[in-house]
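*Asks:* First, the structure itself, so that you have it in front of you.
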Amino acid sequence: MGTEHAVIVGASHAAAQLGASLRQGGWQGRISIVGDEAIPPYHRPPLSKDYLAGQKHSDELLIRPAAFYEKSEIDLVLGSRVTAVDREQKCIVLHDGGNIPYSKLALTTGATVRKLTLPGHELDGVFYLRDLRDVDRIRGYTGPGKSAVIVGGGYIGLETAASMRKLGMNVTVLEALPRVLQRVTAPEVSAFYSRVHREEGVTIITDAAVESLQGSSGVTAVKLADGTELDADLVVIGVGVLPATELAEAAGLAVDNGIVVDEFARTSDPDIVAAGDCTNHHNPIYDRHLRLESVQNATDQAKTAANTLCGKLEAYHALPWFWSDQYDLKLQIAGLSQGFDRVVLRGATDSGRSFSAFYFSGDRLLAVDAINRPKEFMMVRRALSTGLSADAEKLADETVDIQQAFS
Amino acid sequence: MPLVKFISHSGEENEVHVAPGTTVMHAAVDNGISGILADCGGACSCATCHCFVDEAWLAKVGEPDEVEAQMLDFVLDPQPNSRLSCQIKVSDELDGLVVLLPESQI
Ligand SMILES: Cc1cc2nc3c(=O)[nH]c(=O)nc-3n(C[C@H](O)[C@H](O)[C@H](O)COP(=O)(O)OP(=O)(O)OC[C@H]3O[C@@H](n4cnc5c(N)ncnc54)[C@H](O)[C@@H]3O)c2cc1C
Ligand code: FES
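From first to last, the protein sequence lines stand for chains A and B. Going left to right, the first sequence walks through residues 1 to 407 as this note's numbering numbers them. Going left to right, the second sequence walks through residues 408 to 513 as this note's numbering numbers them.
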């Protein structure tokens, strides 16, 4: 084995892919993945879905089994928090004062939850939902007939609501904005999700201003500014995440709403790459700088970063995509809808549970939210990747085959 | 434990033993067999775990459901024996299953 040492900080989606891709790409030296969580990289999406609903065991969450890393000669250094990057000495410093030298460094530190400092936020039974430990703790408070209040009507909040309904709980979702999913979807899609959640027995309160969490040791209620009090055996707060950039910032790397990387996943230090939720990068398809929070981005950008470290420069240009599962709704999103000026619907949003919303800017198709319409998701993913253009009129007409709407 | 045989697009063969109930996707990913990406981890959402089931095993493996079938229409090089490997569970019945891998997932 060569004397070079690639050290990956953070041990999740991006790290698992980066390590595997480094070996596939012919990296001869040592590889270490250093992360503060106790178990090897695992799939985060099931946390608010099947795992929370008790339909998946933690063993089934691992992205790859521990044996894979052994076989690939990738050292997993788990339960270790990295406290600093010393770029002059080229080493990382661990929480216990130890250090690990690197020749190349990859930052895959992901994102951390945005915290609310409401009165009562320190009460027992108040949770955020980002990692396995969070969900294991939450599961100690769930059960049929118990009441959950979820603060935040984004994907994670709504998935959590759906899973808790499956567990037979009374669920209320509080959203500060006028509609759920406001920052990420069109009004029609928000209205659809509100309808389905209500049909499934969830109470949704929009324009909600939470005043305080009440209780003496454990939380018992949530109080809104208008005086409403909602009983709560537990509260889950899901109000977004922030990129984990502290290490990069302290080390003097360029940071601007994420660790700034170029199309080869390089930071402002040529020996340091970064990938996943922690990065801010330029997307060539949409020609703008952005930060993504998705498995697709973590995985694909990690491949780019690994190639770069192996000396093979291949620009990152993958099409963003995402999914969310709630009840019997399978949402698949291809592309990014931000900046749309028109939405074309295929199928009914006010009844049933299957339709697609196509987002346009002028004549240009930007993205699709496909609900129980895998075919339309796949078609748009292909069209956006290969530069096909879409005919809005044909998209809106369900009698026209979806493929006929693209040329 | 049932055996699954993977044949890559270039003809390379790999045999792995997996516990009954494991998906064909996991059999590949857990054993470092390249050719299956499985970006969504088995949620039937990404279609990057496409494989071809050897003709001799088709009847035993069974048909894809509606969601899977719709996704399969749009994978690269779809064939009548195309399947998403995360949707096939290995069982004693499928001991010896032969799976061919496509040239590319995307
Ligand atoms: C509940 C939930 C559901 C989701 N559902 C979906 C979905 O359906 N589809 C989808 O595409 N995406 C989904 N996501 C988003 C997806 O999980 C993230 O985009 C993905 O995990 C990003 O991977 P990452 O490797 O960049 O970062 P992360 O997964 O955030 O991992 C970063 C890791 O680094 C560790 N770390 C950070 N700093 C340090 C340090 N200084 N020292 C040591 N370790 C450190 C962290 O503890 C963490 O383990 C979901 C996320 C959550 C929380
Ligand atoms: S792993 Fe994503 S569809 Fe099979």
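Note that the Cβ used here is the ideal one computed from N, Cα and C, for glycine as well.
(1) Using only alpha-carbon positions, find the residue among A:R342, A:R382, A:K303 and A:D325 that is nearest to A:G25.
(2) Return helix, strand or coil for A:T203, following the three-state DSSP convention.
(3) Could you spell out the range, first to last residue, of the beta strand (DSSP E) harbouring B:E420?
(4) Check whether the Cβ of A:Q296 lies closer than 8 Å to any Cβ atom in chain B.
(5) With 8 Å set as the bound, which would you pick, yes or no: does the beta-carbon of A:F406 sit closer than that to a beta-carbon of chain B?
(6) Using 8 Å as the threshold, is the C-beta distance between A:L132 and A:T160 below it?
(7) Is the Cβ of A:T299 closer than 8 Å to any Cβ of chain B?
(8) By how many angstroms is the C-alpha of A:R179 removed from the C-alpha of A:P187?
(9) So, under 8 Å CB-CB, A:E211 and A:L230 are touching, yes? Tell me the CB distance rounded to an integer number of Å.
(10) Would you say B:G442 faces chain A, with C-beta separation under 8 Å as the test?
(11) In terms of residue numbering, what span does the alpha helix (DSSP H) encompassing A:P374 cover?
(12) Find the nearest neighbour of A:A367 within the set A:Y42, A:I333 and A:L242, judged by alpha-carbon distance.
(13) Which partner residues does A:V9 have in the DSSP bridge list?
(14) Quick one: what does DSSP say A:N283 is sitting in, helix, strand or coil?
(15) Less than 8 Å between the CB atoms is what I'm expecting for A:I31 and A:L78, so what's the real figure, rounded?
(16) Taking B:G503 as the reference, give the member of B:A476, B:C456 and B:A434 with the closest Cα.
(17) Going by the CB atoms, is the gap between A:G54 and A:I150 shorter than 8 Å?
(18) I'd like to know if A:R130 contacts chain B, where contact means its C-beta is closer than 8 Å to some C-beta of that chain.
(19) Chain A partners of B:V474, CB-CB under 9 Å?
(20) What is the DSSP secondary structure of A:Y51, counted as helix, strand or coil?
(21) Rounded C-beta distance between A:G339 and A:S356? I'm assuming under 8 Å.
(22) Just the Cα atoms here: how many angstroms apart are A:N280 and A:I92?
(23) Let me check you understand the geometry: is the CB of B:S415 closer than 7 Å to at least one non-hydrogen atom of ligand 2?
(24) Note down the Cα distance separating B:E462 from B:L508, rounded to an integer number of angstroms.
(25) Compute the minimum distance between the beta carbon of B:S452 and the heavy atoms of ligand 2, and state whether it is under 7 Å.
(26) Residues of the stretch 469-494 of chain B in Cβ contact with chain A at a cutoff of 7 Å, in chain order, please.
(27) What does a CB cutoff of less than 7 Å around A:P101 pick up in its chain, not counting 5 residues either side in sequence?
(28) Smallest Cα separation from A:N297: which of A:A274, A:L309, A:K312 and A:D325?
(29) Shorter than 7 Å, the distance from the beta carbon of A:V295 to the closest heavy atom of ligand 1, or not?
*Replies:* The relevant details are as follows:
(1) A:K303
(2) DSSP, read as helix, strand or coil, puts A:T203 in strand.
(3) Under the DSSP assignment, B:E420 falls in the beta strand (DSSP E) whose first and last residues are E420 to H424.
(4) yes
(5) Contacts with chain B at 8 Å (Cβ-Cβ) do not include A:F406.
(6) no
(7) yes
(8) 8 Å
(9) That belief does not hold up - the Cβ atoms of A:E211 and A:L230 are roughly 11 Å apart, past 8 Å.
(10) no
(11) P374 to T386
(12) A:I333
(13) A:V34 and A:L107
(14) Here A:N283 carries a strand assignment [DSSP, helix/strand/coil].
(15) Not a contact, Cβ separation roughly 14 Å.
(16) B:A434
(17) no
(18) No, A:R130 does not count as interfacial toward chain B.
(19) K330, N372 and P374
(20) Three-state result, A:Y51: coil.
(21) A:G339 to A:S356, Cβ: 19 Å. No contact.
(22) 22 Å
(23) no
(24) A direct Cα-Cα distance of roughly 14 Å separates B:E462 from B:L508.
(25) yes
(26) Of all residues in the stretch 469-494 of chain B, V474, Q477, M478, D480 and F481 have a Cβ within less than 7 Å of some Cβ in chain A.
(27) H5, K90 and C91
(28) A:A274
(29) yes
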